[in-house]
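Engineer: Residue numbers (the numbering used here): 2 to 95.
Heads up, the beta-carbon is just placed ideally off N, CA and C, and yes, glycines get one too.
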């Protein structure tokens with residue numbers, strides 16, 4: 002996964018959901034958390050970094066389930082015209 006995508010997701014979560022400090026940024030085998038810019042962004046938002054050895058998936062199960070539910074409930078059931086429309090729909094809290 003590109004570091005730019007991870008950084009964009011962190012920025013969106015901080016702005017749209019106003020994520021509280023302490024959310025753990027998890028990575029398998031140090032990728033992509035160790036890529037340039039991502040650790041600094043996570044630290045500036047007070048999110049601790051957690052590196053997991055490759056193959057130990059249970060530590061990441063909650064985040065995997067969250068994103069699967071997001072895709073099943075929002076993304077896969079809609080046909081978005083563009084990225085902006087998708088972002089607005091996903092970050093809509095109403």
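1. Keeping to the same chain, check which residues put their C-beta closer than 8 angstroms to that of residue 82; ignore five residues upstream and five downstream.
2. Quick check on DSSP: helix, strand or coil for residue 82?
3. My assumption, with CB atoms under 8 angstroms, is that residue 91 sits in contact with residue 69. Please give the rounded CB distance.
Structural biologist: So, from the listed chains and residues:
1. none
2. coil
3. About 14 angstroms; that fails the 8 angstroms criterion.
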